[in-house]
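A short worksheet on the structure shown next.
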Amino acid sequence: MSGLIKSSIARKVAMALSGLFLVFFLLQHFSINFTSIFSPETFNELSHFMGTNPLVQFVLQPILIFGVVFHFVMGFVLEIRNRNARAVKYAKYNGGSNSSWMSRNMIFSGLVILAFLGLHFYDFWIPEMVHKYVEFAPEDATRYYPELVEKFVSPVRVGLYVVSFVFLALHLWHGFASSFQSVGFNNKYSVAATKFAKAFAVVIPLGFIIIALVLHFNHNH
Amino acid sequence: MSILDSKIPEGPLAEKWTKHKNSINLVNPANKRNIDIIVVGTGLAGGSAAATLAELGYNVKTFCYQDSPRRAHSIAAQGGINASKNYQGDGDSDYRLFYDTIKGGDYRSREANVYRLAEVSGNIIDQCVAQGVPFAREYGGLLDNRSFGGVLVSRTFYAKGQTGQQLLLGAYSAMNRQINRGKIVPHNRHEMLDLVLVDGKARGIIARNLVTGEIERHSAHAVVLATGGYGNVFYLSTNAMGSNVMAAWRAHRRGAFFANPCFTQIHPTCIPVSGDHQSKLTLMSESLRNDGRIWVPKKKEDAEAIRAGKLKPTELSEDERDYYLERRYPAFGNLVPRDVASRAAKERCDAGFGVNKTGEAVYLDFASAIERYGKEKAYTSGIANPSKEEITKLGEEIIEAKYGNLFQMYEKIVDQNPYKTPMMIYPAVHYTMGGLWVDYNLQTTVPGCYAAGEANFSDHGANRLGASALMQGLADGYFVLPYTIGDYLSQDIRTGKIPTDSPEFDQAEKDVKERLEKLLNGSGKHSVDYYHKKLGKIMWNKCGMSRNEKELKEAIEEIAALRKDFWENVKVPGTAEGVNSELEKAGRVADFLELGELFAKDALDRNESCGGHFREESVEQEGEQKGEALRDDENYMYVSAWEYKGEPKDAVLHKEELNYENIEVKTRSYK
Amino acid sequence: MNLTLKIWRQKDANSEGKMVDYPISGIEGDMSFLEMLDVLNEQLINKGEEPVVFDHDCREGICGSCSLQINGEPHGPDRLVTTCQLHMRMFNDGDTIFIEPFRAKAFPVIKDLMVDRSAFDRIQQAGGYVSVNTSGNTIDANAIPIEKENADDAFAAATCIGCGACVAACKNASAMLFTSAKVSQYALLPQGQVEATDRVLAMVKQMDDEGFGNCTNTGACEIECPKGISLENIARMNREYLSASLKG
Numbered sequence: 001m002s003g004l005i006k007s008s009i010a011r012k013v014a015m016a017l018s019g020l021f022l023v024f025f026l027l028q029h030f031s032i033n034f035t036s037i038f039s040p041e042t043f044n045e046l047s048h049f050m051g052t053n054p055l056v057q058f059v060l061q062p063i064l065i066f067g068v069v070f071h072f073v074m075g076f077v078l079e080i081r082n083r084n085a086r087a088v089k090y091a092k093y094n095g096g097s098n099s100s101w102m103s104r105n106m107i108f109s110g111l112v113i114l115a116f117l118g119l120h121f122y123d124f125w126i127p128e129m130v131h132k133y134v135e136f137a138p139e140d141a142t143r144y145y146p147e148l149v150e151k152f153v154s155p156v157r158v159g160l161y162v163v164s165f166v167f168l169a170l171h172l173w174h175g176f177a178s179s180f181q182s183v184g185f186n187n188k189y190s191v192a193a194t195k196f197a198k199a200f201a202v203v204i205p206l207g208f209i210i211i212a213l214v215l216h217f218n219h220n221h
Numbered sequence: 001m002s003i004l005d006s007k008i009p010e011g012p013l014a015e016k017w018t019k020h021k022n023s024i025n026l027v028n029p030a031n032k033r034n035i036d037i038i039v040v041g042t043g044l045a046g047g048s049a050a051a052t053l054a055e056l057g058y059n060v061k062t063f064c065y066q067d068s069p070r071r072a073h074s075i076a077a078q079g080g081i082n083a084s085k086n087y088q089g090d091g092d093s094d095y096r097l098f099y100d101t102i103k104g105g106d107y108r109s110r111e112a113n114v115y116r117l118a119e120v121s122g123n124i125i126d127q128c129v130a131q132g133v134p135f136a137r138e139y140g141g142l143l144d145n146r147s148f149g150g151v152l153v154s155r156t157f158y159a160k161g162q163t164g165q166q167l168l169l170g171a172y173s174a175m176n177r178q179i180n181r182g183k184i185v186p187h188n189r190h191e192m193l194d195l196v197l198v199d200g201k202a203r204g205i206i207a208r209n210l211v212t213g214e215i216e217r218h219s220a221h222a223v224v225l226a227t228g229g230y231g232n233v234f235y236l237s238t239n240a241m242g243s244n245v246m247a248a249w250r251a252h253r254r255g256a257f258f259a260n261p262c263f264t265q266i267h268p269t270c271i272p273v274s275g276d277h278q279s280k281l282t283l284m285s286e287s288l289r290n291d292g293r294i295w296v297p298k299k300k301e302d303a304e305a306i307r308a309g310k311l312k313p314t315e316l317s318e319d320e321r322d323y324y325l326e327r328r329y330p331a332f333g334n335l336v337p338r339d340v341a342s343r344a345a346k347e348r349c350d351a352g353f354g355v356n357k358t359g360e361a362v363y364l365d366f367a368s369a370i371e372r373y374g375k376e377k378a379y380t381s382g383i384a385n386p387s388k389e390e391i392t393k394l395g396e397e398i399i400e401a402k403y404g405n406l407f408q409m410y411e412k413i414v415d416q417n418p419y420k421t422p423m424m425i426y427p428a429v430h431y432t433m434g435g436l437w438v439d440y441n442l443q444t445t446v447p448g449c450y451a452a453g454e455a456n457f458s459d460h461g462a463n464r465l466g467a468s469a470l471m472q473g474l475a476d477g478y479f480v481l482p483y484t485i486g487d488y489l490s491q492d493i494r495t496g497k498i499p500t501d502s503p504e505f506d507q508a509e510k511d512v513k514e515r516l517e518k519l520l521n522g523s524g525k526h527s528v529d530y531y532h533k534k535l536g537k538i539m540w541n542k543c544g545m546s547r548n549e550k551e552l553k554e555a556i557e558e559i560a561a562l563r564k565d566f567w568e569n570v571k572v573p574g575t576a577e578g579v580n581s582e583l584e585k586a587g588r589v590a591d592f593l594e595l596g597e598l599f600a601k602d603a604l605d606r607n608e609s610c611g612g613h614f615r616e617e618s619v620e621q622e623g624e625q626k627g628e629a630l631r632d633d634e635n636y637m638y639v640s641a642w643e644y645k646g647e648p649k650d651a652v653l654h655k656e657e658l659n660y661e662n663i664e665v666k667t668r669s670y671k
Numbered sequence: 001m002n003l004t005l006k007i008w009r010q011k012d013a014n015s016e017g018k019m020v021d022y023p024i025s026g027i028e029g030d031m032s033f034l035e036m037l038d039v040l041n042e043q044l045i046n047k048g049e050e051p052v053v054f055d056h057d058c059r060e061g062i063c064g065s066c067s068l069q070i071n072g073e074p075h076g077p078d079r080l081v082t083t084c085q086l087h088m089r090m091f092n093d094g095d096t097i098f099i100e101p102f103r104a105k106a107f108p109v110i111k112d113l114m115v116d117r118s119a120f121d122r123i124q125q126a127g128g129y130v131s132v133n134t135s136g137n138t139i140d141a142n143a144i145p146i147e148k149e150n151a152d153d154a155f156a157a158a159t160c161i162g163c164g165a166c167v168a169a170c171k172n173a174s175a176m177l178f179t180s181a182k183v184s185q186y187a188l189l190p191q192g193q194v195e196a197t198d199r200v201l202a203m204v205k206q207m208d209d210e211g212f213g214n215c216t217n218t219g220a221c222e223i224e225c226p227k228g229i230s231l232e233n234i235a236r237m238n239r240e241y242l243s244a245s246l247k248g
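Residue numbers (UniProt numbering), protein chains in the order written: chain A, 1 to 221; chain B, 1 to 671; chain C, 1 to 248.
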């Protein structure tokens, strides 16, 4: 994939654009999920729409998957290239003095997110695909909420989700704001944009954590 | 007639250069492709010469000891570059710049060269702007100027405190363009170790690859030396650690005359030496003297108490301070020329009034400027009855805007806050006006060997004005050499490539290798730095800011003895293969040990005080100027050009008489 | 001050290197870091050992020769200074100081602490100039007024000394700050506009070919840059590059 995009800046921009796309998706995903904690009906409606709309299913979903795969593959490619750019490592490297942990460890936060995606696909996406396109099970517009709640019964799974969201926050903390710089956006609005991005990086994952916890404790009640 | 022919063109001063350019021989473009030129040194003079010669179509090879041409020491020039643009409409002209330069040089430079310098100065600015050099600008978008060095007009263009860097990067970018076109082949991390003469003409160099240690032969139809000055003969100077005289000295030994070696500029505003470990001195822009007041304590006891750390300068009242420049030179005060300010500081410190632990420092105090600016600012901002704190705060802000980077640098080095306590300064060796003797065409006495920039002696006489070094380097490289060298090379269009397997190259390479071998085989008693420091002490104490016959004679003896000791006992570890920085240093110091002696000999010969050269025997005996430098135009209005004859003590003096037809010779007075 | 120095020693480009310990005493706070190394070298020479090789020249923070990764940071722990202006008062008695060369594949070690930074020269040669001849007939310097803010920004970008600290600090050994500073200087000036498209493409290509890593916006370069070159320059180069690519 990196062969297609040869220059370092083009790769960086591609990384930023795919990241921004995923950020947008995250916002959308969050908005829908958030309804689950106060209105199961709305949640069901929205989920039904997303799950059955052909545009979403056959156009947006493949684009999303491509975006995710692209972002990951490119991330690995960049990481390997960057490691190769310094063949002999420093005996002492004080990265903490000049850069944030988040910015230096995107590959690790990214790997945690990748692992989480595996779990998440296993929990939702694969059953969903099997339900719709393998078993051709009859569509039930009210099934989404109960399926969701059921997943958050296990405290282990909730714990894994919470940890993953923390890493998502760390990843976004650097990644979102940094994507502006990558696409060349640096002007008098940058400070505000960065603040927004950092706020987003905290609020959205925190929101996901809250959703997971609310669903978990509501059920156990 | 002396054997020195300066080749100054006939005709009125203002027309000489144009007429000369019109009458010299040219090389046609097709022939230029067959001509090779070596440029040693890639600072402002060398870099600009290399770029321009390559543009013209010659095949240029550049050499520098640094890892990149961009690091040449021109980069360290802070203040600015003069040009007679008269953008400020304050009456500047080529003639005024010419006049100021001659007068500033205390009537020891050549009229025709200096006028040409002034004439092309405007072109330099045009050229640099076209290259993208980011000079300071006003809000209207036009170039800003400042005044500099006590002249009466604002003609200095600048790029904050980094003018030298920006100009050098401009020349380096022009070089890069030619490197990209294949017209310049750069040899970085190479040091020229000898000049090769074939049939009496400069035809190449022997260079050492400083990475592999290999000794290389490079041939060319002409060789340009733009290798800077020799201030490091003093060990401590504001020059870069690597700055050296080797290329010029090697050329001198091959027949190029060395002119006015004793003309050295000592800069008054440097950060004082803090101890024996000191490796170099840091200059702070002379612009500081626009706002700083220089003083020492009036009473010796106070100075002693300050040195012992028992008293703080801020505790001394106005009455207890001696603003000695204001006292001695009421007209110019703290803005007297560099040489005058430097000697005055030395005089006070020698008399026991120095203020740091070594006793060699005076104060440069901004307190009154802070107060003055603070009050002005308070007034213009409409603050009624400002408190002392408010005034200080506002004043400090103004000072920070003007000199912030210098203050920050000072604080990093000295660890004292110059806003709160006076700065300490002391003079340091900064620039050498002397150098290889060149004619109007910048050719040395070796045909085909040219010298440009600080490496030659041509334009600054006995003292250089502020912001003129950059001007001269670029004038030589961009606008003078490319013309004059063509005149010489026009004889060489049929010569063809110069072979490097000739007996002359064999011999030169053999000499170089033997010399390296000898350096590596010293008995190993003392390091190179040991000798360099010793030489520096002799130079500073006996050939420094003020000189007398007795000490100069001693210096000659001492340097000769030190040189002998050096060759017998120096310790250079390692081998001639690969990187060997001690070997590099040893070669440079070996040449300094010869130059130092010639320096003292030249200073001894010149029994007058002029510009940066002050002979204690030659001072005004009476009148208002009593005790000040006394120039002797009757006996010393000449350029001393020394011919190498083996030992420095045997050097033969040739005099180039100086004629002033367009300017009235006057006494410099700053009272 | 008594210190323990851990210094990278490597005979030449083809040899293996290793960290070697050197105890040193009698160091004063007023010494610069390089003067402290001078003291060590003097001692080594007197013992008949080879001195530690390092690049240095002007020793006033402007030539960009000195390098050194000191305790894991280029030019050491102080900010806005080069190693030659780093003073020993930044350290305490008894400290152990790691001294390593600037490390990057594109900066191979020549000997000990000396590295080859000619990759930077080649990036400049690829397009870091305005193609104007030295004819002496260029237009008058004041013929093109330049907005003061742009002139100041161009100057700020042009203050880069090419030391390589940005590369050394970057976890990816990326040369984006260096390259972007030059691209920015010309992008901000009318003189640079004519060749802007080719310049940014050529310089970025050369930068990539030299084997520097990619920028991941950690910002370490800006913090460690002795001249405080801003990250804005990287954003500007990204913009310039994108628009140049689109123009083809």
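Where a beta carbon is used, it is the ideal one built from N, C-alpha and C, also for glycine.
Going along chain C in order, which residues have a C-beta closer than 8 Å to the C-beta of residue i?
| i | result |
| --- | --- |
| G578(B) | K11, D12 and K111 |
| V23(A) | By Cβ distance, chain C contributes nothing, its closest Cβ being about 15 Å from V23(A), past 8 Å. |
Are residue i and residue j touching if we call contact CB-CB under 9 Å?
| i | j | result |
| --- | --- | --- |
| G132(B) | A202(C) | no |
| G435(B) | S48(B) | no |
| H460(B) | G105(B) | yes |
| S523(B) | N580(B) | no |
| I425(B) | P313(B) | no |
| A171(B) | G477(B) | yes |
| F52(A) | E135(A) | Correcting the residue identity first, residue 52(A) is Thr in this sequence and not Phe. Not in contact: T52(A) and E135(A) (Cβ atoms no closer than 9 Å). |
| P101(C) | S65(C) | no |
What does the alpha-carbon distance come out to for the pair residue i and residue j?
| i | j | result |
| --- | --- | --- |
| N82(A) | F212(C) | 8 Å |
| K183(B) | I37(B) | 11 Å |
| N187(A) | C64(B) | 41 Å |
| G26(C) | L80(C) | 27 Å |
| L44(B) | M637(B) | 30 Å |
| R307(B) | G354(B) | 8 Å |
| P386(B) | L288(B) | 26 Å |
| S219(B) | S135(C) | 27 Å |
| N607(B) | D350(B) | 23 Å |
Below 9 Å on C-beta distance, what does residue i contact in chain B?
| i | result |
| --- | --- |
| R117(C) | D67 and S68 |
List the residues of chain C that residue i touches, going by C-beta distances under 9 Å, in chain order.
| i | result |
| --- | --- |
| M424(B) | Under the 9 Å cutoff, chain C gives no residues; its nearest Cβ is about 12 Å from M424(B). |
Using the beta-carbon of each residue, which ones in chain B are nearer than 7 Å to residue i?
| i | result |
| --- | --- |
| A244(C) | The contacting residues do not exist; A244(C) stays about 18 Å from chain B at best. |
Report the neighbours of residue i on chain C: residues whose CB is nearer than 7 Å to its CB, in chain order.
| i | result |
| --- | --- |
| Q450(B) | Here residue 450(B) turns out to be Tyr, not Gln, going by the sequence shown. In chain order: nothing, as chain C lies at least about 17 Å away. |
For the 8 Å Cβ check, are there 3 or more pairs between the region 79-91 of chain B and the region 153-170 of chain B?
yes
Touching by the beta-carbon criterion (3+ pairs, under 8 Å), the region 127-146 of chain A and the region 61-80 of chain A
no
Whether or not the region 108-115 of chain A and the region 160-172 of chain A are in contact is what I'm after, with contact meaning three or more pairs of Cβ atoms, one per stretch, closer than 8 Å; do they touch?
Judged by Cβ distances under 8 Å, the region 160-172 of chain A makes contact with the region 108-115 of chain A, as three or more pairs qualify.
At least 3 beta-carbon pairs within less than 8 Å: the region 429-443 of chain B vs the region 257-265 of chain B
yes
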